[in-house]
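Take a look at the structure set out below.
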Amino acid sequence: MSSLLEIESLRVQFPGEEGPLVAVKGVDLAIEPGEVVGLVGESGSGKSLTCRAVMRMIPEPGTIDAGGIRFDGKDVLAMGKSELRDFRAHSVGMIYQNPFGSLNPVMRAGEQIAETLRVNRGLGRSAARTEAVALLDRVGIEDPERRYRAYPHELSGGMCQRVMIAIATASSPRLMLADEPTTALDVTTQAQILKLLAQMSAEQGMTMLLVSHDFGVVAQACDRVAVMYGGHVVEAGPVETIYHEPEHPYTRALLNSVPELDSAGNVRRRAALSGHPPELSDVFPGCVFAPRCDHARPECETVSMKLADLGDGHSTACPVRPFAASGSGPANGAAKVERIEA
Amino acid sequence: MSATAEAAAGPIGRPRRGVLRRVGRWPTTVKIGVGIVGILALAALFAPLIAPYAPNEIDITSLLSSPSSQHLFGTDDTGRDVFSRTLYGLRLDLVLVLLVTYVPLPFAILAGALAGYFGGWVDMVVSRLADVMIAFPFIILVIAIVAIVGPGVEAFLIGVPIAAWALYARLARSEMLVVREQPYMMATTALGYSKTRAILRHGLPNVARPCLVYSTIDLVGNMILLASLSYLGFGVQPPTAELGTIIGNGQGYLLTAWWIATLPGLVLVLFGLGVGLIGEGLSDRGLARGGP
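Heads up: the protein sequence lines correspond to chains A and B, in order. Counting in the numbering used here, the first sequence runs without a single skipped number right up to 375 at its last residue. Counting in the numbering used here, the second sequence runs without a single skipped number right up to 299 at its last residue.
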């Protein structure tokens, strides 16, 4: 029970015309101090909402209607107004997908960092300025004195994201929530930003939850991965294990859909899943993935989605575990991730 | 400042100094507009120094004399110097118009911004009040106020802010509906900032710009409104010099002494043109999102 962040059967729902729309159906996730955990899944799988729920920032009219979120033993859902503000200001930092929109367009970039320092760390005007320039330097912005005075539109996407990281880390949060921080950036900038985030989390012992739809990004930056589908975590475990020995058919299908470099012009198409992701209004008594699963058995329609521990921190929600026999075998384990046939 | 020095400084993080250099970057329309308004404002400000005569000084010997070096804009039917009267009139007009345009502006923007940010009953109250004000015919409102407080500047000073705030509030509200959803507003929550800080420091500056652009149009409108009211006898009362009263007074002599009404009228037009040019330049530059 030493986890820094514990999410327990989290449920997030939005009111709909025909009954509630449940976007997050039951997420269990624990993050240990100092860990970098990836949360992957396709659009609409509920990964961003899970991330936002940690800060209790579910957009109106959505609500967290069941489950628990504990940060360092404290119940986040039970926090009062001022306690919540303090929690947001000092304990967690957040960065977003769109680096241009995340900065106030009419305020100088440096002043936005200085503002955080003054408001959340109580620094004086000139101390905040000095510290803000130092922070700009630390997030790898060259000529920080001059960039301090720049408006966001005068900066590139990568630089904006660096400024955002500087703001989010200004009060040395213990947990960083990164919601698709590199999605809007091109690949080279992406790598730099990921490196910066990894470096900052290592230097400050900062725990990080990295939300992404890109397995490559997660593989590059994370220690552990949780794979989400239809509002559930279907599989979680160390990056290596998930990549080489995925136990859940969905994880396998997801990995299979990553194109290879040499697949260009190749006749063999990537195996695609039949069917569509579940609607938010769909209610599944059993496994959410069962309707699209090649390995589904009748009992899949009834078992509840619970992560079963497989040891070594690896857990899966699949009751069938069709790959269990071969999954740990050396042949499959050593195989290149992309070559695995579903 | 040479071209090379400017290139070396780069477009990023311009220092605050170097006002002259920044003026050089203004669009031509803004430069011309600022020039016109600046000259008129200075002339109005220093009216007591520039005007050759006192505004109500009567020269019995030269009634209705045409423009000359003695009387730049000629004289009116009581021998008052029209140029001096125009300067003083412009001065009074500018003060009154600036007051009615910019004193209620911050309150209107704040009301609209709050309505847009919070929605719900705050929005209901502000929006419905604004609807009522916009639906009400403005001139009738002012005449009703005149009926209560009597003819004079007071009616204008009370009436315009009562009616004008509604448009700004609406504008600010609709802007806030957009700004509220921007990631940087969400970030203020994530950073644990207070709502007050989020609205005042991050919301308002982004909401205010279209209101400021609109205010330039409003400024001219109010100027003409004041002149019209005075012309109708509801505004500034004679013999106080004011563009509307001068024009109203000169109207009867249009065929025999055209200068009394025409020249102050041209000054009014010129002012409107200047402010309009500034407004156009501002909206070209400012309404494009993200530009400072």
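Note that beta-carbon positions come from the ideal geometry of N, C-alpha and C, so glycine has one too. Computed from a predicted model, the values in this text were never measured in an experiment.
- Query: Mind checking Thr202 of chain A: buried by the 16 CB within 10 Å criterion, or exposed?
  - Reply: buried
- Task: On a CA-only basis, which of A:Leu313, A:Ile91, A:Pro92, A:Phe322 is nearest Gly52 of chain A? Give me that one, please.
- Result: A:Leu313
- Message: What residue range does the alpha helix (DSSP H) around Tyr181 of chain A cover?
- Response: 177 to 181
- Closest Cα partner of Leu70 of chain B within the set B:Leu236, B:Asp84, B:Phe90: B:Asp84
- Between which two residues does the beta strand (DSSP E) containing Ile40 of chain A stretch? 38 to 47
- Is the Cβ of Gly297 of chain B closer than 7 Å to any Cβ of chain A? In this prediction, Gly297 of chain B has a pLDDT of 41, which is less than 50 and means its spatial position is unreliable; what the coordinates show is noted afterwards. For Gly297 of chain B, the answer is yes, since a Cβ of chain A falls inside 7 Å of its Cβ.
- Item | Separation of Cys84 of chain A from Thr335 of chain A, as counted between CA atoms | 28 Å
- Task: Using the DSSP secondary-structure output, state which residues sit across from Val8 of chain A in a beta bridge.
- Result: Chain A is shown only over 34 to 375; residue 8 of chain A falls outside these bounds and no answer can be derived.
- Met233 of chain A versus Val37 of chain B: straight-line alpha-carbon distance, rounded: 47 Å
- Task: Out of A:Arg180, A:Gln130, A:Ile128, state which residue places its alpha-carbon closest to the alpha-carbon of Ala147 of chain A.
- Result: A:Arg180
- Query: Could you give the residue range of the alpha helix (DSSP H) that holds Tyr262 of chain A?
  - Reply: Tyr262 of chain A -> not in any alpha helix (DSSP H); beta strand (DSSP E) instead, spanning 257 to 262.
- Query: Going along the segment 138 to 151 of chain A in order, which residues come within less than 7 Å of chain B, judged by CB to CB distance?
  - Reply: Pro138, Val139, Thr149
- Message: Could you tell me the alpha carbon to alpha carbon distance between Cys333 of chain A and Thr349 of chain A, rounded to whole angstroms?
- Response: 14 Å
- Message: Short of 7 Å in beta carbon distance, which residues of its chain neighbour Gly286 of chain B, apart from the five on each side in sequence? Order them along the chain.
- Response: Val220, Thr223, Ile224
- At a Cβ cut of 9 Å, what residues of the segment 158 to 191 of chain A count as close to chain B, listed as they run along the chain? Asp176, Glu178, Arg179, Arg180, Tyr181, Arg182, Ala183, Tyr184, Pro185, His186, Glu187, Leu188
- Message: Using only the alpha-carbon positions, how far apart do Ala14 of chain B and Thr35 of chain B sit?
- Response: The predicted position of Ala14 of chain B is uncertain, since its pLDDT is 41 and thus under 50; a value taken from the coordinates is nonetheless stated next. In a straight line, the C-alpha of Ala14 of chain B is about 21 Å away from that of Thr35 of chain B.
- Under 8 Å by beta carbon: chain A residues contacting Arg180 of chain B: Chain A residues near Arg180 of chain B: none, gap ~17 Å exceeds 8 Å.
- Task: Determine which residues of the segment 162 to 194 of chain B have a Cβ less than 8 Å from any Cβ of chain A, and write them out in chain order.
- Result: Gln189, Pro190, Tyr191, Met193, Ala194
- Roughly how many whole angstroms lie between the Cα atoms of Glu278 of chain A and Cys351 of chain A? 14 Å
- Answer with yes or no whether the minimum CB distance from His209 of chain B to chain A is below 7 Å. yes
- Query: Is Leu136 of chain A close to chain B, meaning its C-beta is less than 7 Å from at least one C-beta of that chain?
  - Reply: yes
- Task: Report the neighbours of Met127 of chain A on chain B: residues whose CB is nearer than 7 Å to its CB, in chain order.
- Result: Ala197
- Can you name the start and end residues of the beta strand (DSSP E) that Ala323 of chain A belongs to? Note, Ala323 of chain A: premise wrong, no beta strand (DSSP E); not H, not E.
- Query: Which residue comes first and which comes last in the beta strand (DSSP E) that contains Phe104 of chain A?
  - Reply: 96 to 104
- Locate the alpha helix (DSSP H) running through Gly228 of chain B, then write down its first and last residues. 211 to 239
- Task: Look up Gly126 of chain A in the DSSP assignment and give the residues it is bridged to.
- Result: A:Met209
- In chain A, which residues lie less than 9 Å from Tyr221 of chain B when you measure between Cβ atoms? What Tyr221 of chain B touches in chain A: nothing, since even the nearest Cβ is about 18 Å away.
- Query: Where Gln77 of chain B and Leu211 of chain B are concerned, what is the direct C-alpha to C-alpha distance, given to the nearest angstrom?
  - Reply: 52 Å
- Task: Please name the residue in B:Leu97, B:Met183, B:Glu188, B:Ile169 whose C-alpha comes closest to that of Ala122 of chain B.
- Result: B:Met183
- Can you list, in chain order, the residues of its chain whose CB lies under 8 Å from that of Asp256 of chain A, leaving out five sequence neighbours each side? Glu68, Val69, Val70, Pro271, Val272
- Query: To which residues of the same chain is Ala269 of chain A closer than 6 Å at the C-beta, ignoring the five residues directly before and after it?
  - Reply: Ala259, Ser348
- Beta-carbon proximity of Ser42 of chain A to Glu65 of chain A, cut-off 7 Å: no
- Query: Run through DSSP, which three-state label would Val37 of chain B get?
  - Reply: helix
- Item | Residue environment, Ala59 of chain A, which counts as buried when at least 16 other CB atoms sit within 10 Å | First, the residue type needs correcting, since residue 59 of chain A is Gly and not Ala in the sequence shown. So Gly59 of chain A ends up on the buried side.
- Quick one: residues in its chain with C-beta nearer than 7 Å to the C-beta of Leu54 of chain A, no 5 flanking neighbours on either side, listed in chain order? Gln46, Phe47, Leu313, Ser314
- Note the first and the last residue of the continuous beta strand (DSSP E) segment covering Ala348 of chain A. The question names Ala, yet the displayed sequence has Ser at residue 348 of chain A. That run of the beta strand (DSSP E) goes 347 to 349.
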